[in-house]
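Residues 8 to 192 (my numbering) are what the sequence shown spells out, left to right.
Each residue gets a CB set at the ideal place from its N, CA and C atoms; glycine is no exception.
Take a look at the structure set out below.
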Amino acid sequence: TTTRLLDALAERGVKATFFLIGSQVEDNQDLVRRMDQEGHQIGIHTYDHVLLTGLNRADFSAQVDKSRTLLKETLGHNDFLLRPPYGILDESVKRWAGCPIILWSIDPEDWKERNTQRETAHILSNAQDGAIILMHDIFPESVDAAIQVVDALHREGYLFCTVDELFDLRGIPLESGTVYTDACP
8 TTTRLLDALA ERGVKATFFL IGSQVEDNQD LVRRMDQEGH QIGIHTYDHV LLTGLNRADF
68 SAQVDKSRTL LKETLGHNDF LLRPPYGILD ESVKRWAGCP IILWSIDPED WKERNTQRET
128 AHILSNAQDG AIILMHDIFP ESVDAAIQVV DALHREGYLF CTVDELFDLR GIPLESGTVY
188 TDACP
């Protein structure tokens, strides 16, 4: 489903931010490189999609730093954001992240029912300038919803960009260990 999403985004000239699970990167390096080469932003979503809170430093490193190293080896750069699984974090996650932490302002909970129409309606009814939309490209229904959302919001005059671009356009510097949910005015 990721390839179909990338194809649809390319057709529409849209850039997105993809938070990747490290354990899935090794077998999908060509796809990850494509994301990067097409101007999408890549972020860390841990190595095994585990809850980061309560981990000791070594276990945290095994999840975040291991993913960072793998992505750096794959892409040749090291400017990755972190999205903690489930959006759950604590002070140790902030302290050890080593990068800005990105959450979201619109969550259609696309993992729950996998209902394209409901997801699309939820996003469109909550869309606003500067919002960060959370979706998962592992579900065909979510990819369908993402394409419908892009088309509908483009008709309304919205533009899409990566997280870094969004905050840069607003003149908001992203700081390591700081949590961001949107760049709304």
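In this chain, residue 9 is not harboured by any beta strand (DSSP E); it is covered by the alpha helix (DSSP H) spanning 9-19. Counting only residues of its own chain and dropping the five nearest sequence neighbours on each side, residue 106 has a CB closer than 7 Å to the CB of 87, 88, 89, 183.
If you check the CB distance, residue 8 and residue 149 come in under 9 Å. By the Cβ test, the stretch 97-112 is not in contact with the stretch 123-130, since fewer than three Cβ pairs between them sit closer than 8 Å. Only buried fits residue 53, as 16 or more other CB atoms lie within 10 angstroms of its CB. In the three-state scheme derived from DSSP, where H, G and I count as helix and E and B as strand, residue 135 is classed as coil. Taking a cut-off of 8 Å for Cβ pairs, the stretch 167-177 and the stretch 40-59 touch, as three or more such pairs fall below it. Straight through space, the alpha carbons of residue 147 and residue 96 are spaced by roughly 28 Å.
Non-local C-beta neighbours of residue 191 in its own chain, meaning closer than 8 Å and more than five positions away in sequence, comprise 112, 135, 136, 137, 138, ordered along the chain. Ranked by Cα distance from residue 81, the first of 161, 42, 187 is 42. Annotation for residue 44: the continuous alpha helix (DSSP H) segment containing it runs 36-44. Residue 117 and residue 12 have their C-alpha atoms roughly 15 Å apart. In this structure, the CA atom of residue 63 is about 44 Å from the CA atom of residue 161. Here residue 66 carries a helix assignment [DSSP, helix/strand/coil]. Residue 130 and residue 109 have their alpha carbons spaced roughly 18 Å apart. Residue 29 and residue 153 have their C-alpha atoms some 23 Å from each other.
Per the C-alpha coordinates, the member of 38, 93, 36 positioned closest to residue 56 is 93. Secondary structure note for residue 25: its beta strand (DSSP E) is the uninterrupted segment 24-27. Its chain contains 190 as the residues whose beta carbon lies nearer than 6 Å to that of residue 177, once the 5 sequence neighbours on both sides are disregarded; these appear in chain order.
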